[in-house]
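To convert, note that position 52 of the sequence shown is 52 in our numbering; the numbers rise steadily by one, no gaps.
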Amino acid sequence: MEEGTDGPPFDDTAAVATNWMCDFMFASICFYFREDRTEEFQRSANVLEWLLEGSRKIDAHRKTIPIAQFLMRVSEGKNLDSQFDTDESLTPLETALMTFNQIEEEEDLKNLHEEIELVLKVQAVVICMEKGKFKLSSEILDRLFQESGSNTYV
1 MEEGTDGPPF DDTAAVATNW MCDFMFASIC FYFREDRTEE FQRSANVLEW
51 LLEGSRKIDA HRKTIPIAQF LMRVSEGKNL DSQFDTDESL TPLETALMTF
101 NQIEEEEDLK NLHEEIELVL KVQAVVICME KGKFKLSSEI LDRLFQESGS
151 NTYV
């Protein structure tokens, strides 16, 4: 848009459009996750990540980013080769748990958080066992359930 015209500056218009696209992509990943449409979920998640990388106004999406990250990690839960953290020993579900803990700090959802946290911990161990990685499942079990102070796990 030329300077001196009656419309808003192009950068402002682009920022509004980017926010709309981010909102739509977030709604898309939630929908595709719920419908178990993995390919569409992954494509929408990639677009959302790309949009957020170039966005100057991340604050507008402060609450949706951790939820999107959580869903991406859960969707990769069975793929033990996927990495989301610099600590390569962490499985996708362990990093999902870390992300979920950040979400819980933002919202007052204590009971729901505790239930989902336990499910994520159990699934992180179970998936490794399903894949025949018993040593890894034992390490995860020790890492995730060490705070219980007892030898009885779930």
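Using N, Cα and C, we set each Cβ at its ideal position, and we do this for glycine too. Fair warning: this is a prediction, and the values are worked out from it, not measured in the lab.
Asked                                                                                                        : Found
7 Å CB neighbourhood of E139 in its chain, flanking five on each side removed                                : none
Cβ shell of A124 (< 6 Å), same chain only, five flanking positions each side left out                        : T91, L93, E94, I140
For L136, the first and last residue of its enclosing alpha helix (DSSP H)                                   : 134 to 144
Same chain, Cβ closer than 6 Å to T64, five either side skipped, listed in chain order                       : F26
The stretch 29 to 44 / the stretch 6 to 15 touching (three or more Cβ pairs under 8 Å)                       : no
Nearest residue (CA-CA) to Q69, options F33, E39, L80, S89                                                   : F33
Enclosing alpha helix (DSSP H) for R34 [first to last residue]                                               : 10 to 34
Three CB pairs or more closer than 8 Å across the stretch 78 to 90 and the stretch 115 to 122                : no
Burial state of A96, where buried means 16 or more other Cβ atoms lie within 10 Å                            : buried
Q69 - containing alpha helix (DSSP H), residue span                                                          : 64 to 75
Own chain partners of V74 with C-beta closer than 6 Å, once the 5 adjacent residues on each side are dropped : A96
Nearest-angstrom beta carbon gap, F134 and I116 [assumed within contact, 8 Å]                                : Not quite, the Cβ-Cβ distance comes to about 25 Å (not below 8 Å), so this is no contact.
Pairwise C-alpha distance: I103 and I67                                                                      : 7 Å
Option nearest Q42 by Cα separation, candidates T86, Q83, E76                                                : E76
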